[in-house]
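A.B. asks:
Numbering (the working numbering), first residue to last: 459 to 508.
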């Protein structure tokens, strides 16, 4: 027999997993759009301006 507590725990963990996967997808898509080189140059210029 599976208790209600166990089911609730599984549901909670699955929800967390879904959130994590969505976050990964967003990060991957943003990485594809911007090349890492551009990011570093942007940082350098902002430091110079200051």
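For each residue, glycine too, the CB sits at the ideal point set by N, CA and C.
What is the DSSP secondary structure of residue 460, reduced to helix, strand or coil?
C.D. replies: Here residue 460 corresponds to residue number 2 of the chain shown, with the count starting at 1. Coil.
A.B. asks: Have a look at residue 464 and residue 491 and give me their C-alpha separation to the nearest angstrom.
C.D. replies: To locate residue 464, count along the chain shown from 1; it is residue 6. To locate residue 491, count along the chain shown from 1; it is residue 33. One C-alpha to the other measures close to 41 Å.
A.B. asks: At the level of alpha carbons, what is the spacing between residue 477 and residue 484?
C.D. replies: Looking up residue 477 in the chain shown gives position 19. Looking up residue 484 in the chain shown gives position 26. Rounded to whole angstroms, residue 477 to residue 484 spans 11 Å at the Cα level.
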